[in-house]
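A.B. asks: With the numbering used here as the guide, the letters of the sequence shown map in order to residues 782 to 1091.
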Amino acid sequence: MKFLVTGGAGFIGSAFIRKVENPVVLDALTYAGRKENLEGVDHVFIKGNISNYDEVKKVVDEYKVDVIVNFAAETHVDRSIVDPRPFLESNVFGVVNLLQIAREKGIRLVHISTDEVYGDNEADENSPLRPSSPYSASKASADMFVLSYVRTYSMDAMIIRPSNNYGPRQFPEKLIPKTIIMTLLGKEVPVYGDGKQMRDWIFVEDTVELIKKVAETGERGRIYNIPGGHGITNIELIDKIGRIMGKEVKKKFVKDRPGHDRFYKMKPSLSYTTMSIDEGLERTVNWYLKNRTWWEPLIKDSFVNNVPWS
Ligand SMILES: Cc1cn([C@H]2C[C@H](O)[C@@H](COP(=O)(O)OP(=O)(O)O[C@H]3O[C@H](C)C(=O)[C@H](O)[C@H]3O)O2)c(=O)[nH]c1=O
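#1: Would you call the segment 937-948 and the segment 892-901 touching, i.e. three or more CB-CB distances under 8 Å?
#2: Roughly how many whole angstroms lie between the Cα atoms of Ile798 and Arg950?
#3: Below 7 Å, is the gap between the Cβ of Val891 and the nearest heavy atom of ligand 1?
#4: Consider the C-beta atom of Tyr930 and the heavy atoms of ligand 1; say whether any pair is separated by less than 7 Å.
#5: Does the distance between the C-beta of Thr895 and the nearest non-hydrogen atom of ligand 1 fall short of 7 Å?
#6: So if DSSP puts Met979 in a beta bridge, which residue, or which two residues, is it bridged to?
#7: Take the Cβ of Glu903 as the centre, count every other Cβ of all protein chains shown within 10 Å, and call the residue buried at 16 or more, exposed below.
#8: Could you tell me the alpha carbon to alpha carbon distance between Asp937 and Asn1006, rounded to whole angstroms?
#9: Closer than 7 Å: is that where the CB of Asn1015 sits relative to any heavy atom of ligand 1?
#10: Please state if the CB of Leu807 and the CB of Lys816 are separated by a distance shorter than 8 Å.
#11: Under the rule that 16 or more other beta-carbon atoms within 10 Å means buried, what is Tyr1053, buried or exposed?
#12: Look up Ala809 in the DSSP assignment and say whether it is helix, strand or coil.
#13: Grouping DSSP H, G and I as helix and E and B as strand, with all else coil, what is Lys828?
#14: According to DSSP, simplified to helix, strand and coil, what is Pro909?
#15: Between Val877 and Glu906, what straight-line distance do the alpha-carbon atoms span, to the nearest angstrom?
#16: Only counting runs of 4 or more residues, tell me where the alpha helix (DSSP H) segments fall wholly within the segment 937-982, in order along the chain.
#17: Express the C-alpha separation of Asp1020 and Tyr916 in angstroms, rounding to a whole number.
#18: What is the residue span of the beta strand (DSSP E) that Ile849 lies within?
#19: Between Tyr973 and ligand 1, is there a pair consisting of the residue's CB and a ligand heavy atom that are separated by less than 7 Å?
#20: Would Val970 pass as a contact of Lys959 if the rule is Cβ separation under 8 Å?
#21: Using the three-state DSSP reduction, which class does Ile1004 fall into: helix, strand or coil?
#22: Taking Cβ positions, are Val848 and Met782 nearer each other than 8 Å?
#23: Would you list the residues sitting across from Phe797 in a DSSP beta bridge?
#24: Would you call Leu1070 buried or exposed, if buried means 16 or more other Cβ atoms sit within 10 Å of its Cβ?
#25: With a threshold of 7 Å, establish whether the CB of Arg1001 neighbours any heavy atom of ligand 1.
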């Protein structure tokens, strides 16, 4: 099976390319996609944007692609609050472009979505979509397009909705790497609101294993919810990271994220087990300790340094 992995130089995409044989990676290398993430893996790399019809079509033809797995997205909720527009371009228009090409070529599209499309409601895959942020609204829109292509054109497409991922190579704007890095630097970690919001964490290697299984054996038109099963409040999580690091985490309570979801709670669509949060966090902390040269150039980014709405 020849995989085209769009957004393959990002956090989850680059973990996925470590699981499949000689994939073709298409990535626009925006702020979070990095060529270093692909080091040591056999692959073909093409710099390009999923919104560019001619470019993507050429790649699909040239490499005789059987399945596109789409990780390409603007992913950070805080950035979407400051300016939603780039989220429409990548997360909606880009996905419709991929759908169009996959439909014309008669190939499978596996689209990676998120638990955030359900908002803070208990959900199974038939639950209504109630996105709270511009980010999750853009992901929900793309999911609707995928389902419309399945119904209208009998297309071979499916949607995977994982919960919060963590692990090596996650951009430092996200809570777990930010907590590790700020603590290493002796700086404060901003805690939004009361810090009692819950997130359900899944280690990235478990996620990509499940994505591979669905890409190879999943059913056309299905939605697969893949929660981690490790729900924990943000404060408990931050304290746990501090204990693993053997350092005091300096927490600074700041104004809450507007529209902040209190929790996510999905029923899994498959049966599986995932790594314990303690083991996953220990591996993650160790990776950031050993890979300072990877994250050091990234910490000047304003979303790592500032709270955008305070
Ligand atoms: C960056 C930051 C975050 N937070 C809070 C906000 C959330 O309650 C929690 C995790 O935030 P983060 O931005 O890391 O992730 P989510 O907003 O849950 O969204 C993430 O998980 C889903 C599934 C995706 O689909 C998103 O693409 C992905 O970014 O920590 C803080 O309290 N302080 C901070 O400095």
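The C-beta atom is built at its ideal place from N, Cα and C for all residues, glycine as well.
C.D. replies: In short:
#1: yes
#2: 13 Å
#3: no
#4: no
#5: yes
#6: Thr1014
#7: exposed
#8: 18 Å
#9: yes
#10: no
#11: exposed
#12: coil
#13: strand
#14: coil
#15: 21 Å
#16: 956-965
#17: 27 Å
#18: 848-851
#19: yes
#20: yes
#21: strand
#22: yes
#23: Answer by DSSP bridge pairing: none, since Phe797 is not bridged.
#24: exposed
#25: no
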